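Participant: Below are the structure tokens for one structure; questions will follow.
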Amino acid sequence: MLFIVIVFSIPVYILAIWGLHDPEDAILFLQRWRYNETPEFSEWQFKLFKFGNIGAIVFMTLIIVLTGIETFRPAPEFTPVP
341 MLFIVIVFSI
351 PVYILAIWGL
361 HDPEDAILFL
371 QRWRYNETPE
381 FSEWQFKLFK
391 FGNIGAIVFM
401 TLIIVLTGIE
411 TFRPAPEFTP
421 VP
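Shown next as structure tokens:
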């Protein structure tokens, strides 16, 4: 399970880090064809987009850590009741 979570989190990390590095291109990712000219975004939109990317990184890190803990936690010992 941990391997699957890590594999599926790699694209999320890549897109989130790219969004922090170049937010304008990340916002227009696969949407640029809709516009004749590049739209102008406000600083508020950039801050909100970066905040969402940081939230995605934190959320995915939390999911990976919790999955790792669950994966490597020893199974509880079964003691039958006499």
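Be aware that the sequence shown starts at 341, since it is given in my numbering, and climbs by one per residue. Note that CB positions come from ideal geometry on N, CA and C, so glycine has one too. Please read all numbers here as calculations on a predicted model, not as lab measurements.
Can you give the Cα-Cα distance for V421 and A415, rounded to whole angstroms?
Facilitator: Position 81 of the sequence shown, counted from the start, is the residue given in the question as residue 421. Position 75 of the sequence shown, counted from the start, is the residue given in the question as residue 415. Each residue's Cα considered, the two are about 18 angstroms apart.
Participant: With 16 as the cutoff for other CB atoms within 10 Å, does S349 come out buried or exposed?
Facilitator: Here residue 349 is taken as the residue at index 9 of the sequence shown, counted from 1. When all chains shown are included, S349 counts as buried.
Participant: Of the choices G408, I397, E380, whose alpha-carbon is the least far from that of D365?
Facilitator: Taking the first residue of the sequence shown as position 1, residue 365 is located at position 25. For the residues G408, I397, E380, the minimum Cα distance to D365 belongs to E380.
Participant: Alpha carbons only, please: which of I344, M341, V347, V352 is nearest the one belonging to F399?
Facilitator: Taking the sequence shown and counting its residues from 1, one reaches residue 399 at position 59. That would be V352, whose Cα lies nearest to the Cα of F399.
Participant: So T407 is in the alpha helix (DSSP H); what residue range does that whole segment cover?
Facilitator: Counting from one through the sequence shown, the residue named residue 407 turns up at place 67. Secondary structure note for T407: its alpha helix (DSSP H) is the uninterrupted segment 383 to 412.
Participant: Report buried or exposed for N376, applying the criterion of at least 16 other Cβ atoms within 10 angstroms of its Cβ.
Facilitator: What you label residue 376 is simply residue 36 of the sequence shown in a count that begins at 1. Under this definition N376 is an exposed residue.
Participant: Between the Cα of L388 and those of L406, V405, F418, G359, spot the shortest distance and give me the residue it belongs to.
Facilitator: The residue labelled residue 388 in the question sits at position 48 within the sequence shown. Answer by Cα proximity: G359.
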